[in-house]
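S.K.: Sequential numbering from -17 applies to the sequence shown in this note's numbering. Glycine included, C-beta positions come from ideal geometry on N, C-alpha and C. Model, not experiment: these values are computed from the prediction.
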Amino acid sequence: MSKSVEALDPLPGAGQSAAPLLLASFLVSQADGALMVGLPYLSLSMGGTASQVGLVGGLMRLCYVIGLLTGRHLLDRAALGWIAVCGCCGLAATTLVMPSMPTLGPLFGVVALYGLATALFWPPLVGLLFAGHQGQALNRRLGQFNVAWSAGMVTGPWLGGELFGLAPGLAFWASVGMFAAAGVCLAPVARTSGRGASAQRSGGAVEESSTAKCDDRTILFHRMAQVSLIGGYLVLGLLRYQLPNLAKELEIGSATFGRVGTVLSLSLAAAFYLLGRAARWHYLGWLFWGGQVVMAASLLVLLRAANAYHMTWCVLVAGQGIGLVYSSHLYYGSSASGHRALVMTRHEVLLSLGFLLGAYGGGLIADQSNNRALYAVGFVVILAGVAVQVGMWLLAGGRWGKGQGNGRATDLPQ
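Below, the structure is given as structure tokens:
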């Protein structure tokens, strides 16, 4: 899951150590990464079609967004630490019963509950982690948070693939242990954390006072980035929940596919790191569009892929493009609006829509054709999105195609 940076700044315990929060984020992200391999292969073992496998991932993402949109009142009224602990408990409970589901129908229901539990974990954890921090201190914690959850997402798919290959239930049971360990890490924090309501009011006042007028260039790039984010996460949905179908067709086992998923996570983490260290890519239209074209072209490798090596090259390149559109939307969105919570909610909704289109929509295409045609369709869809963005730029006068970035990427959440 992508991590929402909400405008929650709980005043009690603002000076607490970040270590237990960062460890919890690593453990939950690692468990989630393991399930990104375990769940598709479990669904396939139940006789799931391509669309049904994709629906597993799509439902999880959809219910996560529903939880984000409907759970904000809870964040105002309850202790954030205990909400995060409850989220860990919900994640552990739903994961524990996943491998015992007799058919896909009950599995869909459990996965939906898992998505809701995810929404109980990330917003309060991020609010606690960034409590009382501004400027460079906030940027430092942002960097620590990105390292923690990215590291978990790198090791998770590899671990999930290896364990599922030994015994299908192992990947799920290991994830349960990681969720439980995350809850234990958060328990001391929960005892000292306060409610989000007072912080929400104080944090909101700071946000509103710091909101500055942005120029037309930033608004334009933000709108283009919204289109690109949907396309980028459409590709990620294809790679996370449809690529396993092609892997099974090519007789690639879960352990090997887990390594492919690890390479995808490594590529994403590298992109976040590099883009967070530089600012010259801001407002470079040719780079923004070119990165998406290269991302789309990487899907064409899968039309003739014959082994895991070919898949690895695809996800390595695609991960760079996905990281570019993800970081672009955060940068331009944060520059265009001082309301961080609103920006991040929209960010999660858009990327979840794209992920659902890729995971489930790609499966529908595969059911009607084969496990390769959907990547050609994905290629066309991404190019169409780039064409829309270029059209938006031309309609605006084509005045902002050259790099004119004047901010530091490291001052914004990645």
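Please name the residue, chosen from Leu211, Phe146, Val136, that lies closest to Tyr313 on a Cα-to-Cα basis.
M.R.: In the sequence shown, counting from the first residue as 1, residue 313 sits at position 331. Nearest C-alpha to Tyr313: Leu211.
S.K.: Shortest alpha-carbon distance to Val136 belongs to which of Tyr96, Thr31, Val10?
M.R.: The residue given as residue 136 occupies position 154 in the sequence shown. With distances taken between Cα atoms, Val136 lies closest to Val10.
S.K.: Short check: CB of Gly344 to CB of Gly360, under 8 Å?
M.R.: Within the sequence shown, the letter at position 362 stands for residue 344. Within the sequence shown, the letter at position 378 stands for residue 360. Yes.
S.K.: When the Cα atoms are used, what is the spatial distance from Leu282 to Leu168?
M.R.: Here residue 282 refers to the residue found at position 300 of the sequence shown. Here residue 168 refers to the residue found at position 186 of the sequence shown. Rounded to whole angstroms, Leu282 to Leu168 spans 44 Å at the Cα level.
S.K.: Keeping to the same chain, check which residues put their C-beta closer than 7 Å to that of Ala294; ignore five residues upstream and five downstream.
M.R.: Position 312 of the sequence shown, counted from the first residue, corresponds to residue 294. The displayed chain sequence assigns Thr, not Ala, to residue 294. Around Thr294: Val242, Val245.
S.K.: Distance check for Pro81 and Met28, CA to CA, integer angstroms please.
M.R.: In the sequence shown, the residue the question calls residue 28 occupies position 46. In the sequence shown, the residue the question calls residue 81 occupies position 99. Met28 and Pro81: Cα-Cα distance of roughly 10 Å.
S.K.: Are the segment 210 to 229 and the segment 34 to 41 touching, with three or more C-beta to C-beta distances below 8 Å?
M.R.: Because the criterion of three Cβ pairs below 8 Å is met, the segment 210 to 229 and the segment 34 to 41 touch.
S.K.: Taking the beta carbon of Glu330 as the centre, do at least 16 other beta carbons fall within 10 Å, making it buried, or is it exposed?
M.R.: Taking the first residue of the sequence shown as 1, we reach residue 330 at position 348. With 16 or more Cβ atoms within 10 Å of its Cβ, Glu330 is classed as buried.
S.K.: Could you check which residue in Leu298, His204, Pro22, Thr327 has the C-alpha nearest to that of Phe146?
M.R.: Mapped onto the sequence shown, residue 146 falls at position 164. Comparing Cα-Cα distances from Phe146 to each of Leu298, His204, Pro22, Thr327, the minimum goes to Pro22.
S.K.: In chain order, what residues of the same chain lie with their CB nearer than 7 Å to the CB of Phe8, ignoring the 5 residues before and after it?
M.R.: Taking the sequence shown and counting its residues from 1, the one referred to as residue 8 is at position 26. So the list reads Ala130, Trp131, Ala133, Gly134, once near-sequence residues are dropped.
S.K.: By Cβ distance below 6 Å, which residues in the same chain neighbour Ala207 in space, the five residues on each side in sequence not counted?
M.R.: Here the question's residue 207 lines up with position 225 in the sequence shown. Excluding sequence neighbours, Ala207 sits near Ser310, His311, Tyr314.
S.K.: Determine, using beta carbons only, whether Gly142 and Gly20 come nearer to each other than 8 Å.
M.R.: By one-based count along the sequence shown, residue 142 stands at place 160. By one-based count along the sequence shown, residue 20 stands at place 38. Taking 8 Å as the Cβ cut-off, Gly142 and Gly20 qualify as a contacting pair.
S.K.: Can you tell me whether Ser192 is helix, strand or coil according to DSSP?
M.R.: Here the question's residue 192 lines up with position 210 in the sequence shown. Low confidence applies here, because Ser192 scores a pLDDT of 42, under 50, leaving its location unreliable; read the following figure in that light. It is helical.
S.K.: What distance in whole Å lies between the Cβ atoms of Leu298 and Ser249, which are believed to be in contact at a cut-off of 8 Å?
M.R.: The residue you call residue 249 lines up with position 267 of the sequence shown. The residue you call residue 298 lines up with position 316 of the sequence shown. Confirmed, Cβ separation roughly 5 Å.
S.K.: Starting from Arg400, trace the alpha helix (DSSP H) in both directions and tell me its first and last residue.
M.R.: The structure shown has nothing for residue 400, since the chain only spans -17 to 396.
S.K.: Using the Cα positions of Gly151 and Gly267, report the straight-line distance between them to the nearest angstrom.
M.R.: Within the sequence shown, numbered from 1, the residue matching residue 151 stands at position 169. Within the sequence shown, numbered from 1, the residue matching residue 267 stands at position 285. Going by the C-alpha atoms only, they are around 47 Å apart.
S.K.: Taking the alpha carbon of Thr77 as the reference point, which residue from Ser25, Val47, Leu17 has its own alpha carbon closest?
M.R.: For the purposes of this step, residue 77 is taken as residue 95 along the sequence shown, with counting starting at 1. Residue Leu17 is the option with its Cα nearest to Thr77.
S.K.: Would you mind sorting Arg262 into buried or exposed? The rule is 16 or more other CB atoms within 10 Å of its CB.
M.R.: For the purposes of this step, residue 262 is identified with residue 280 of the sequence shown, where counting begins at 1. Exposed, by the Cβ-count rule.
S.K.: Residues in its own chain within less than 6 Å of Arg354 by CB, not counting five upstream and five downstream?
M.R.: In the sequence shown, counting from the first residue as 1, residue 354 sits at position 372. Result list for Arg354: Leu285, in chain order.
S.K.: Buried or exposed: which applies to Val171, given that a residue is buried once 16 or more other Cβ atoms fall within 10 Å of its Cβ?
M.R.: Taking the sequence shown and counting its residues from 1, one reaches residue 171 at position 189. Val171 comes out buried.
S.K.: Between Ile234 and Ala290, which are expected to be in contact by the criterion C-beta below 8 Å, what is the C-beta distance as a whole number of angstroms?
M.R.: What you label residue 234 is simply residue 252 of the sequence shown in a count that begins at 1. What you label residue 290 is simply residue 308 of the sequence shown in a count that begins at 1. With a Cβ gap of about 5 Å, Ile234 and Ala290 count as contacting.
S.K.: Taking the straight line between their C-alpha atoms, what separation do you get for Ala162 and Cys71?
M.R.: Counted from its first residue, the sequence shown places residue 162 at position 180. Counted from its first residue, the sequence shown places residue 71 at position 89. Cα-Cα distance, rounded: 7 Å.
S.K.: Mind checking Val362: buried by the 16 CB within 10 Å criterion, or exposed?
M.R.: By 1-based counting over the sequence shown, the position of residue 362 is 380. That one is exposed.
S.K.: Under 8 Å by Cβ, that's how I've got Gly301 and Ala341 pegged, so tell me the actual separation to the nearest angstrom.
M.R.: Counted from its first residue, the sequence shown places residue 301 at position 319. Counted from its first residue, the sequence shown places residue 341 at position 359. Not quite, the Cβ-Cβ distance comes to about 17 Å (not below 8 Å), so this is no contact.
S.K.: Helix, strand or coil for Gln224? Go by DSSP, reduced to three states.
M.R.: Position 242 of the sequence shown, counted from the start, is the residue given in the question as residue 224. DSSP places Gln224 in coil when its eight states are reduced to three.
S.K.: Quick one: Cα of Gly91 to Cα of Ala74, how far?
M.R.: In the sequence shown, residue 91 corresponds to position 109, counting from 1. In the sequence shown, residue 74 corresponds to position 92, counting from 1. Roughly 15 Å between the two C-alpha positions.
S.K.: Please return the same chain residues whose Cβ sits closer than 8 Å to the Cβ of Val79, not counting the five positions on each side in sequence.
M.R.: Taking the sequence shown and counting its residues from 1, one reaches residue 79 at position 97. Contacts found: Val92.
S.K.: Could you tell me which uninterrupted alpha helix (DSSP H) segments, each at least 4 residues in length, are contained entirely in the segment 103 to 176, listed from first to last along the chain?
M.R.: Runs of the alpha helix (DSSP H) inside the segment 103 to 176: 117 to 148, 150 to 174.
S.K.: Given Leu107, which residues of its chain have a CB within under 7 Å of its CB, disregarding the five upstream and five downstream residues?
M.R.: Residue 107 sits at position 125 when you count from the first residue of the sequence shown. So the qualifying residues of the chain are Leu3, Ala6, Ser7, Ala66.
S.K.: Find out if the Cβ-Cβ distance for the pair Leu98, Gly40 is shorter than 8 Å.
M.R.: What you label residue 98 is simply residue 116 of the sequence shown in a count that begins at 1. What you label residue 40 is simply residue 58 of the sequence shown in a count that begins at 1. Cβ distance not < 8 Å, so Leu98 and Gly40 don't count as in contact.
S.K.: To the nearest angstrom, how far is it from the Cα of Arg199 to the Cα of Gly380?
M.R.: The residue given as residue 199 occupies position 217 in the sequence shown. The residue given as residue 380 occupies position 398 in the sequence shown. The straight-line gap from Cα to Cα measures roughly 10 Å.
S.K.: Quick check on this structure: which residue in Gln126, Thr174, Ala149 has the alpha carbon closest to the alpha carbon of Leu24?
M.R.: By 1-based counting over the sequence shown, the position of residue 24 is 42. Considering only alpha carbons, the answer is Ala149.
S.K.: Pick from Glu144, Lys230, Phe127: whose alpha carbon is nearest that of Leu26?
M.R.: The residue given as residue 26 occupies position 44 in the sequence shown. Checked all of Glu144, Lys230, Phe127; the closest Cα to Leu26 is Lys230.
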